[in-house]
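Novice: Numbering (the working numbering), first residue to last: 1 to 487.
The structure that follows is given in the form of structure tokens.
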Ligand SMILES: Cc1cc2nc3c(=O)[nH]c(=O)nc-3n(C[C@H](O)[C@H](O)[C@H](O)COP(=O)(O)OP(=O)(O)OC[C@H]3O[C@@H](n4cnc5c(N)ncnc54)[C@H](O)[C@@H]3O)c2cc1C
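In structure tokens, the structure reads:
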């Protein structure tokens, strides 16, 4: 183990905290503070970590103060944006959580078609503000997910085939580095850092705001899911494979296999029935969208068809209630090269074998602008894959350890079965806490990982930001020798 991995959490004494209070305007929550237990919770209720202090930042100066304080006191650091990462990396044991979740402002420049978004915003905040101007950018498919984590890992969503990944729309970021300096990263300013932020995760500093490119959209779009009975899965997936082969870039689709969720628009007698759904969003004129999805809607005998002209903002929060905060989750994920008959048969065999009606499988379709973007421009590695699949084991907080074990085993066995069909890469943002560092390398591949490690060595040589999908700094031989002597 190297010096950078042996950081200890020191007890935070009153004098030390007073020092932080002097330069910090937000709340500092200690284990004895009211609100501490709520503030340490993440979206995944299975995560139970107890930081020494949660620093709820109100602005960039607070972030600077918190980073400097943590470095001066050699504290473990976790950075919290939306708090949605399934691995729960937004919260650490014993150390300092730099919590930017209160910083959620969005400023739209409608003439320039750009927006500045603060580092704690959720996708619902971005969609709400940008749609007021008839604009949008690629974002996550659940409105309560954090902008920061999604963006820093790459960012996939319904608009990506038309407008690229979230990182393809990132124009600049304001970052507080491990030294506590404020830097602007863009194509012209710290371009190495800007490259690394676009896929390399939270390894390079705390992002206090992002600047995104926006595109005209909606406010009404042709969007929504069509559900078929689980028994039809093989036929639906074979049809879907041919359907998306000719789909225009405007059409983004996400397949969900599991049960029909108990959403208000769905007749009650269908709730919890095993089913496959294809959720669509057409990023263009409603009439063109109607034409583009006609064949899909006409296929077989749908259980229910909710694909209709809808406000984009409403569509983007349509499945929020199917992935509630506080449920317990374990995810397994991989990229897929395509949907062969064999892959489809495997998916159909495993998808409905979970014990919980809340467990499900979600599959994103790539292609379009994602593939066309220049490979060297960003640190996102998985552009050439056809699909990404996430196997989501879910159990409720009051369900026993047996449920946890069963849903976890289901997800792991499903992933194993997919082994021969994997694209050899994974989306870093879907890795869980039991995915080891080899899967972080898998996410990037050797070449991108090495380049990220070099940028990491420049901006965070001590690996202060390591409570994440960690890129180890690639230190020069001189620096490594110095560390060996100073230990
Ligand atoms: C219900 C659900 C739906 C999802 N849908 C999508 C989707 O459609 N598309 C997609 O691409 N991904 C999706 N994801 C995965 C998502 O990309 C990750 O969970 C992501 O980490 C969430 O971002 P967050 O800000 O909420 O993360 P957090 O849990 O707050 O943070 C995760 C990590 O990101 C880093 N981080 C967070 N904030 C900052 C910051 N301000 N500065 C620097 N580093 C920071 C830290 O390293 C932190 O450990 C989804 C996840 C969930 C749970």
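We treat Cβ as the ideally placed atom computed from N, Cα and C, and that holds for glycine.
#1: In this structure, how does DSSP classify residue 216 when only helix, strand and coil are distinguished?
#2: By how many angstroms is the C-alpha of residue 62 removed from the C-alpha of residue 393?
#3: Beta-carbon separation of residue 124 and residue 148 under 7 Å?
#4: With which residues is residue 558 paired in a DSSP beta bridge?
#5: Is it the case that the Cβ atoms of residue 468 and residue 201 are separated by a distance below 7 Å?
#6: Alpha carbon to alpha carbon, how far is residue 192 from residue 162?
#7: Relative to ligand 1, is the shortest distance from any of its heavy atoms to the C-beta of residue 202 smaller than 6 Å?
#8: So, does the region 263 to 270 touch the region 302 to 312, judging by three or more C-beta pairs under 8 Å?
#9: In the structure shown, what three-state DSSP assignment does residue 9 receive?
#10: Mind pulling the beta strand (DSSP E) runs of 3 or more residues that sit fully within the region 256 to 292?
#11: Rounded to whole angstroms, how far is the Cβ of residue 380 from the Cβ of residue 154, which I believe are closer than 8 Å?
#12: Give the secondary structure of residue 311 by DSSP, where H, G and I count as helix, E and B as strand, and everything else as coil.
#13: Give me, in chain order, the residues of the same chain whose beta-carbon lies closer than 6 Å to that of residue 233; leave out the 5 immediate sequence neighbours on both sides.
#14: Check for me: the alpha helix (DSSP H) holding residue 238 runs from which residue to which?
#15: For residue 228, count neighbouring C-beta atoms within 10 Å of its own C-beta (all shown protein chains included) and say buried if the count is 16 or more, exposed if not.
#16: For residue 359, is the classification buried or exposed, using 16 other Cβ atoms within 10 angstroms of its Cβ as the cut-off for buried?
#17: According to DSSP, is residue 403 part of a helix, a strand, or is it coil?
#18: Ligand 1 heavy atoms versus the CB of residue 43: any closer than 6 Å?
#19: At a cut of 8 Å, does the region 325 to 339 reach the region 253 to 262 through at least three beta carbon pairs?
#20: Suppose you measure from the CA of residue 5 to the CA of residue 465; what does that come to, to the nearest Å?
#21: Can you tell me which of the three DSSP states residue 380 falls into?
#22: Ignore the nearest five residues each way along the sequence and tell me which others in residue 363's own chain have a CB closer than 6 Å to its CB.
#23: Are there any heavy atoms of ligand 1 lying less than 6 Å away from the beta-carbon of residue 54, as far as the coordinates show?
#24: Count the CB pairs spanning the region 333 to 343 and the region 371 to 379 that are closer than 8 Å, and state whether there are at least three.
#25: Give a yes or no on contact between the region 177 to 193 and the region 212 to 232, applying the rule of three or more CB pairs nearer than 8 Å.
#26: By DSSP, does residue 67 sit in helix, in strand, or in coil?
#27: Can you tell me whether residue 47 sits near ligand 1, meaning its C-beta is under 6 Å from at least one heavy atom of the ligand?
#28: For residue 1, does the three-state DSSP call read helix, strand or coil?
#29: Return the first residue and the last residue of the alpha helix (DSSP H) that residue 303 is part of.
#30: Nearest-angstrom Cα distance between residue 72 and residue 285?
#31: Which first and last residues belong to the beta strand (DSSP E) in which residue 56 is found?
#32: Please confirm whether any heavy atom of ligand 1 lies closer than 6 Å to the CB of residue 468.
#33: In terms of DSSP beta bridges, what is residue 186 paired with?
#34: Give the single residue among 70, 82 and 397 whose Cα lies nearest to the Cα of residue 177.
#35: If you measure between the beta carbons of residue 204 and residue 117, is that distance less than 7 Å?
#36: I'd like the list of long-range same chain contacts for residue 323, defined as Cβ closer than 7 Å, with 5 residues on each side in sequence excluded.
Specialist: Let's see:
#1: strand
#2: 37 Å
#3: no
#4: Since the first residue shown for the chain is 1 and the last is 487, residue 558 is missing from the structure and cannot be characterised.
#5: yes
#6: 26 Å
#7: yes
#8: yes
#9: Residue confidence for residue 9 is low, a pLDDT of 48 falling below 50, so the modelled location carries little weight and cannot support an answer.
#10: 274 to 282
#11: 4 Å
#12: strand
#13: 276 and 348
#14: 233 to 245
#15: buried
#16: buried
#17: helix
#18: yes
#19: no
#20: Unreliable positioning characterises residue 5 in this predicted model, as indicated by a pLDDT of 43, which lies under 50. The coordinate reading is nonetheless provided below. Each residue's Cα considered, the two are about 11 Å apart.
#21: coil
#22: 255, 387 and 389
#23: no
#24: no
#25: no
#26: helix
#27: no
#28: The predicted model places residue 1 with a pLDDT of 34, which falls under 50 and marks its position as unreliable, so this point remains unresolved.
#29: Neither: residue 303 is in no alpha helix (DSSP H) and is coded neither H nor E.
#30: 55 Å
#31: 53 to 56
#32: yes
#33: 172
#34: 70
#35: no
#36: 142
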